[in-house]
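Chemist: Here it is, the structure in full.
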Amino acid sequence: MAERPGKDSDAILGVIPRLVFEPESLEEAEDAVARCARDRLTLGFIGGGTELGMGAAPSDLDAVLRTCRLDRVLEHAPADQIVTVEAGATLAALQAVLAPHHQWLALDPPWPERATLGGIVSTNAFGPRRTRYGAARDLILGVSIVRADGTRVKAGGKVVKNVAGFDVARLLVGALGTLGLVATATFRLHPVPEAAATVLFPALDSAGVSSLAEACRAAQLEPTSLAAVADSDRFDLGVRFEGFAPGVAKQAERLLDLGRRERAAGERLGEAEARAFWGRHEAVREMGPLRVKVSAPPSGFPAVARTALARLLGELSPAGAVFYPTLGLGYVAGRPSAVSAVAAATAEAREALAPLGGSLVVCEAPHDLRAAVDVWGAPPPAFALMERLKGRLDPDRRLNRGRFVGGI
Amino acid sequence: MAAVVGPDHCFTAAADLLTYECDGLTHGRTRPDLVVLPGSTEEVAEVVRLSRAAGRPIVPRGSGTGLSGGARPVPGSVVVGLSRMRRILEVNLRDGWMRVEPGVINLDVTRAVSGAGFYYAPDPSSQSICSIGGNVAENSGGAHCLKYGFTVNHVLGARVVIEDGTVVDLGGPAPDAPGLDLLAVLVGSEGLLGIVTEVTLRLLRRPEATRTFFATFPSTDEAGEAVSQIIAAGIVPAAIEMMDRLAIVAAKAATGLDWPDVGAALLMDADGPLAEVEHTSERAADIARRAGALELRLPRSEAERQLMWKGRKSAFAAVGRISPNYLVEDGVIPRSDIAAVLREIGAMAKDHGLRVANVFHAGDGNLHPLVLYDARESGQEHKAEHLGGEILRMCVRYGGSITGEHGVGAEKAAFMREMFSEDDLETMRFVCTAFDPDGSFNPGKVFPATRLCGERLERERPHPAEQAGLIERW
Chain A
202 MAERPGKDSD AILGVIPRLV FEPESLEEAE DAVARCARDR LTLGFIGGGT
252 ELGMGAAPSD LDAVLRTCRL DRVLEHAPAD QIVTVEAGAT LAALQAVLAP
302 HHQWLALDPP WPERATLGGI VSTNAFGPRR TRYGAARDLI LGVSIVRADG
352 TRVKAGGKVV KNVAGFDVAR LLVGALGTLG LVATATFRLH PVPEAAATVL
402 FPALDSAGVS SLAEACRAAQ LEPTSLAAVA DSDRFDLGVR FEGFAPGVAK
452 QAERLLDLGR RERAAGERLG EAEARAFWGR HEAVREMGPL RVKVSAPPSG
502 FPAVARTALA RLLGELSPAG AVFYPTLGLG YVAGRPSAVS AVAAATAEAR
552 EALAPLGGSL VVCEAPHDLR AAVDVWGAPP PAFALMERLK GRLDPDRRLN
602 RGRFVGGI
Chain B
-3 MAAVVGPDHC FTAAADLLTY ECDGLTHGRT RPDLVVLPGS TEEVAEVVRL
47 SRAAGRPIVP RGSGTGLSGG ARPVPGSVVV GLSRMRRILE VNLRDGWMRV
97 EPGVINLDVT RAVSGAGFYY APDPSSQSIC SIGGNVAENS GGAHCLKYGF
147 TVNHVLGARV VIEDGTVVDL GGPAPDAPGL DLLAVLVGSE GLLGIVTEVT
197 LRLLRRPEAT RTFFATFPST DEAGEAVSQI IAAGIVPAAI EMMDRLAIVA
247 AKAATGLDWP DVGAALLMDA DGPLAEVEHT SERAADIARR AGALELRLPR
297 SEAERQLMWK GRKSAFAAVG RISPNYLVED GVIPRSDIAA VLREIGAMAK
347 DHGLRVANVF HAGDGNLHPL VLYDARESGQ EHKAEHLGGE ILRMCVRYGG
397 SITGEHGVGA EKAAFMREMF SEDDLETMRF VCTAFDPDGS FNPGKVFPAT
447 RLCGERLERE RPHPAEQAGL IERW
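Here it is in structure tokens:
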């Protein structure tokens, strides 16, 4: 098996492993994890590296397993609309395999050329179409994982409907590789929509965004994406419809009517303009070295905008924010001014989100800021149970040690 | 216990315990020592603490409509019935959720918000009597889960009492709470991880339009082909259901519907924005015609549409009209193998000298073969059980599952090894023991016991409420 000493480029948040495995098969991946179990080595996992900034730096990292060579599409059954892939396959490579069959995996996180399916599952990465299709948790049907002890096991299945046994596959979504290596994953697929239309409402205030989102639902429109993009206190709301051409055209038309009633002047974007809008939406994530994810119930958006978003945007330059008003999720990103000021803004944003039941997670941050904030925030109410679960699946706590919530 | 829940809600007399000896899987019966009906989270927590101190297994129970023996007591157990906890605690339409106690009936969730144009998507066939707590335990589906997903996709949060009586809150109305997604594994854990005492459910806005058609075919081959082509055309039906000849005969006998005598029928719902739905339903109807449909019926009114669905929904119970006894199977196969699998089931039935009626969720390959038999004829019941087991093995052979929606429960625990290795099962046990180290909750379910000689799969029988015509399933 390919095994080599660690280099700078293998580091996870500045921590360089002694040893790096790049298994070319699932068997080799098992061997690598088993070897770490035998030698009691702490072990981290790297996919495409697009979300490596998520979580705390590892408190101990002997070895890293890179999944880049586990990149096969193992099974695509177009008629059953399912696909099984190895963890290291990139999202773009998978979509390219599915495209000739007019199918796709309905996940659209950023950087699809680099983001791997294993990483997307482990970090619960998502994009604007979560509005309609849900996130990895909603599309995953089964997994095989390599447990901390090196045993490869499976959970779930490869049919869309299955309630046999505990849903370990969903449990791995967002677990940041702390419960085991996601080795393969099976997903439900969707047909590629034949038509799309984006309607843009520029320069709304947060209340305008909320009321338009609610009006959209009241009118029984079913957009696949709703995203409000901002660099100040004004939001450009993009609403995308996808599906069969007649339905798309009609829905876009009806939304424009709704906008007029809500006194929001919208326009249906041409193809190039639509691409530009969604590109701008993507680019917010790369506004600077700091990126935080904000969660709150959808109706809390005006309050979130007034407090958490405004407070954070004020400490960043350049700065940008994206909020998905029907999901209750968003990002703020940018270049921080002074560390102490941003840390204070983060703490205040958390205080503002807490009464709404929301949360703030620091997804990317410069090194000096990490020392001043807890990237995950206070441990959740069920933390004791999470720790027990971690202890059962990884008793020596060797997998991604110290990176997850509460030091898991 | 009586001091905790009140003497009126604590039963030990044999006559009172009778109801709780089984769930919808009626022939496997075990009498519990005690049944308690707590009225609050605090009472549940105290009951759990007392039971554990006494070393008694705890068996949670909702409405008792489950079809896999998931709520069947074990000897010496305390059954904790949640039927008194049936309050709707909070409704928030702006954020689209409702917080309920576990005893709330599935359909009552939708009823409470339908006036405002909202509904709760999971629609198990027993929805008029099954409880949300039970739905969470079983990760219940329904005909419309093809488009909308299962209970797990519609539960935002839960309050759960774990083995030491601790109350834990998981999830909530705000998405992506930091930490492990314990809620995802709690849903569908069949009562082995704890007792859910509150659930926050996602409510959806009603779609603008629904279009339905009923299509008949010479055989299940053409009907299966139509399903495949509809899906291949990029259409995601809200539901697409298939019945074979025997099921149609039974449904006709029960409802008096003027359905023709054909080899197979499909019933399809498309829903969503009007312009989209008109387009997709017409296209699907075209595809059905080209795939060999004999006749296509479009309901001219909502009443007519409801009638079509009534025919479909009554097909299970209707089988009782054409056979003295039957057992219900629940297995999943890849959708594209439907026609082949149905032929194989037909051949297997012939070998066993039995008839099998098929009524099922064609869109997601979830079969519900009804194995017809006559218990008065010696050996038939055993043959029927054997055939049911063979059908499940076949599902696994095709890459499917031993259960799509009824759960593993007590009934199929022994079949888990058909699908999962010892290591796979061990991983699930790790999850289980993290929540419940001593195995206090619902022992004997989901996980297979050490293999015994001559182990036999238990089979589903019609639920008494179903035989009485109170409920239907599909």
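For the protein sequence lines, the chains are A and B, in the order given.
Be aware that the first sequence starts at 202, since it is given in the working numbering, and climbs by one per residue.
Be aware that the second sequence starts at -3, since it is given in the working numbering, and climbs by one per residue.
Glycine is no exception: its CB is placed at the ideal position from the N, C-alpha and C atoms.
Can you tell which of A:C269, A:H391, A:V216 has the C-alpha that lies nearest to the C-alpha of A:A257?
Modeler: Residue numbering aside, residue 257 of chain A sits at position 56 when the first sequence is read from its first letter. Comparing Cα-Cα distances from A:A257 to each of A:C269, A:H391, A:V216, the minimum goes to A:V216.
Chemist: In this structure, does DSSP put B:I125 in helix, strand or coil?
Modeler: On the second sequence, position 129 is the one that residue 125 of chain B refers to. Of the three classes helix, strand and coil, the one that applies to B:I125 here is coil, per DSSP.
Chemist: Candidates B:V74, B:D265, B:F114: which alpha carbon is nearest B:W93's?
Modeler: Position 97 of the second sequence, counting from 1, holds the residue named residue 93 of chain B. Looking at the Cα atoms, B:F114 is the closest of the given residues.
Chemist: With a threshold of 8 Å, are at least 3 pairs of Cβ atoms found where one atom belongs to the region 410 to 421 of chain B and the other to the region 115 to 129 of chain B?
Modeler: No, the region 410 to 421 of chain B is not in contact with the region 115 to 129 of chain B.
Chemist: Leaving out five residues on either side along the sequence, give the residues of the same chain with a beta carbon under 8 Å from the beta carbon of B:R317.
Modeler: If you number the second sequence from 1, residue 317 of chain B lands on position 321. A distance below 8 Å between beta-carbons, with the five flanking residues on each side excluded, links B:R317 to the following residues of its chain, in chain order: A246, A249, A250.
Chemist: Could you tell me if B:P3 is buried or exposed, where buried requires 16 or more neighbouring beta carbons within 10 angstroms of its beta carbon?
Modeler: For the purposes of this step, residue 3 of chain B is taken as the residue at position 7 of the second sequence. Under this definition B:P3 is an exposed residue.
Chemist: In chain order, what residues of the region 498 to 515 of chain A put their CB closer than 9 Å to some CB of chain B?
Modeler: Taking 9 Å as the Cβ-Cβ cut-off against chain B, the residues of the region 498 to 515 of chain A that qualify are P498, P499, S500, G501.
Chemist: Does the contact criterion of 3 or more C-beta pairs under 8 Å hold for the region 447 to 463 of chain A versus the region 261 to 277 of chain B?
Modeler: yes
Chemist: Ordered along the chain, which non-local residues of its own chain (more than five positions away) have a Cβ less than 7 Å from that of A:G659?
Modeler: Shown here, chain A extends from 202 to 609; a query on residue 659 of chain A therefore has no answer.
Chemist: Return no unless some Cβ of chain B is closer than 9 Å to the Cβ of A:L308.
Modeler: Locating residue 308 of chain A in the first sequence gives position 107, where the first residue counts as 1. Judged by the 9 Å Cβ criterion, A:L308 is not in contact with chain B.
Chemist: Does B:S332 have its Cβ less than 9 Å from a Cβ in chain A?
Modeler: In the second sequence, residue 332 of chain B corresponds to position 336, counting from 1. True, the Cβ-Cβ gap to chain A drops below 9 Å.
Chemist: Look at the alpha carbon of A:A230 and the alpha carbon of A:A356, and state the distance between them as a whole number of angstroms.
Modeler: Counted from its first residue, the first sequence places residue 230 of chain A at position 29. Counted from its first residue, the first sequence places residue 356 of chain A at position 155. About 18 Å.
Chemist: Please name the residue or residues paired with B:T22 in a DSSP beta bridge.
Modeler: Taking the first residue of the second sequence as 1, we reach residue 22 of chain B at position 26. According to DSSP, B:T22 bridges with nothing at all.
Chemist: What is the C-beta distance between A:R441 and A:T425, in whole angstroms, given that I count them as a contact (C-beta under 8 Å)?
Modeler: Locating residue 441 of chain A in the first sequence gives position 240, where the first residue counts as 1. Locating residue 425 of chain A in the first sequence gives position 224, where the first residue counts as 1. Yes, A:R441 and A:T425 are in contact; Cβ-Cβ is about 6 Å, under 8 Å.
Chemist: Would DSSP call A:L561 helix, strand or coil?
Modeler: Stepping through the first sequence from its first residue, residue 561 of chain A is reached at position 360. The answer is strand: DSSP assigns A:L561 an E or B state.
Chemist: Return helix, strand or coil for B:Y116, following the three-state DSSP convention.
Modeler: Residue 116 of chain B sits at position 120 when you count from the first residue of the second sequence. Assigned with DSSP and collapsed to three states, B:Y116 falls in coil, not helix or strand.
Chemist: Answer yes or no: does any C-beta atom of chain A fall closer than 9 Å to that of B:P28?
Modeler: Position 32 of the second sequence, counted from the start, is the residue given in the question as residue 28 of chain B. Answer no: the Cβ-Cβ gap between B:P28 and chain A never drops below 9 Å.
Chemist: Should A:T399 and A:L459 be called a contact, given that it needs their Cβ atoms to be closer than 9 Å?
Modeler: The residue labelled residue 399 of chain A in the question sits at position 198 within the first sequence. The residue labelled residue 459 of chain A in the question sits at position 258 within the first sequence. Taking 9 Å as the cut-off, the beta carbon of A:T399 is found no closer than this to the beta carbon of A:L459.
Chemist: Please report whether the beta-carbon of B:R45 lies at a distance below 9 Å from any beta-carbon of chain A.
Modeler: Taking the first residue of the second sequence as 1, we reach residue 45 of chain B at position 49. Closer than 9 Å: no.
Chemist: If we call anything under 9 Å between Cβ atoms a contact, is A:G489 one with A:D432?
Modeler: In the first sequence, the residue the question calls residue 489 of chain A occupies position 288. In the first sequence, the residue the question calls residue 432 of chain A occupies position 231. No, the Cβ-Cβ distance between A:G489 and A:D432 is not below 9 Å.
Chemist: Just the chain A side, please: which residues come within less than 9 Å of B:H275 by C-beta, in chain order?
Modeler: The count along the second sequence starts at 1 and reaches residue 275 of chain B at position 279. The answer, in chain order, is G444, F445, A446, P447, G448.
Chemist: Which residues of chain B have a Cβ atom closer than 7 Å to the Cβ of A:G578, listed in chain order?
Modeler: Looking up residue 578 of chain A in the first sequence gives position 377. By Cβ distance, chain B contributes P174.
Chemist: Please list, in chain order, all residues of the same chain as B:R447 whose beta carbon is under 6 Å from its beta carbon, the five residues on each side excluded.
Modeler: Counted from its first residue, the second sequence places residue 447 of chain B at position 451. Because B:R447 carries a pLDDT of 45, less than 50, the predicted location of this residue cannot be relied on, and the following value inherits that uncertainty. If we look at B:R447 and ignore the five residues flanking it on each side, it has no Cβ neighbours.
Chemist: For the region 391 to 418 of chain B, which residues have a CB atom closer than 8 Å to at least one CB atom of chain A, in sequence order?
Modeler: G395, G396, S397, I398, T399, G400, E401, H402, G403, V404, K408, M412, M415, F416, S417
Chemist: Pull up the CB-CB distance for B:I191 and B:A280, whole angstroms please, since I reckon it's below 8 Å.
Modeler: Residue mapping note: residue 191 of chain B aligns to position 195 of the second sequence, counting from 1. Residue mapping note: residue 280 of chain B aligns to position 284 of the second sequence, counting from 1. Incorrect: roughly 43 Å between the Cβ atoms, too far for contact.
Chemist: Nearest chain A C-beta to B:L448 closer than 9 Å, yes or no?
Modeler: Position 452 of the second sequence, counted from the first residue, corresponds to residue 448 of chain B. Here the model assigns B:L448 a pLDDT of 42, short of 50, so the residue's position is not dependable, and the following value carries that caveat. It does not: the Cβ of B:L448 has no partner Cβ on chain A nearer than 9 Å.
Chemist: Name the one or two DSSP bridge partners that B:V192 has.
Modeler: Position 196 of the second sequence, counted from the first residue, corresponds to residue 192 of chain B. DSSP output for B:V192 lists B:V156 as bridge partner(s).
Chemist: Cβ of A:F584 less than 9 Å from any chain B Cβ?
Modeler: Taking the first residue of the first sequence as position 1, residue 584 of chain A is located at position 383. Yes, its Cβ sits closer than 9 Å to a Cβ of chain B.
Chemist: If B:A235 sits next to B:M264, beta carbons under 8 Å apart, how far is it from one beta carbon to the other, in whole angstroms?
Modeler: For this step, residue 235 of chain B is matched to residue 239 along the second sequence. For this step, residue 264 of chain B is matched to residue 268 along the second sequence. So it is a contact: roughly 7 Å between Cβ atoms.
Chemist: Consider the Cβ of A:E423: report whether some Cβ of chain B lies at a distance smaller than 9 Å.
Modeler: Taking the first residue of the first sequence as position 1, residue 423 of chain A is located at position 222. Answer yes: the Cβ-Cβ gap between A:E423 and chain B drops below 9 Å somewhere.
Chemist: Hey, is B:E272's beta-carbon within less than 9 Å of any beta-carbon in chain D?
Modeler: This model lacks chain D altogether, as its protein chains are A and B.
Chemist: Please check the pair B:L383 and B:L350, which I expect to be a contact at CB under 8 Å, by giving their CB distance rounded to whole angstroms.
Modeler: Start at 1 with the first residue of the second sequence, and residue 383 of chain B comes out as number 387. Start at 1 with the first residue of the second sequence, and residue 350 of chain B comes out as number 354. Indeed, because the Cβ distance is near 6 Å, the residues count as touching under 8 Å.
Chemist: With 9 Å as the threshold, decide whether the Cβ of A:K451 is near any Cβ in chain B.
Modeler: As a first step, residue 451 of chain A must be located in the first sequence, where it is residue number 250. Yes, A:K451 lies at the interface with chain B (some Cβ there is under 9 Å from its Cβ).
Chemist: Which whole-angstrom value describes the C-beta separation of B:L103 and B:L152, a residue pair presumed to lie in contact below a C-beta threshold of 8 Å?
Modeler: Translated into the one-based positions of the second sequence, residue 103 of chain B becomes position 107. Translated into the one-based positions of the second sequence, residue 152 of chain B becomes position 156. Approximately 20 Å separates the beta-carbon atoms of B:L103 and B:L152; this is outside 8 Å, ruling out the contact.
Chemist: Can you give me the Cβ contacts of B:E451 inside the same chain, cut-off strictly under 8 Å, excluding the 5 residues immediately before and after it?
Modeler: For the purposes of this step, residue 451 of chain B is taken as residue 455 along the second sequence, with counting starting at 1. Reliability of the predicted coordinates at B:E451 is poor, the pLDDT of 39 falling under 50, and no value is obtained from them.
Chemist: Could you confirm whether any beta carbon from chain A is found closer than 9 Å to the beta carbon of B:I318?
Modeler: Position 322 of the second sequence, counting from 1, holds the residue named residue 318 of chain B. Not one chain A Cβ lies under 9 Å of B:I318.
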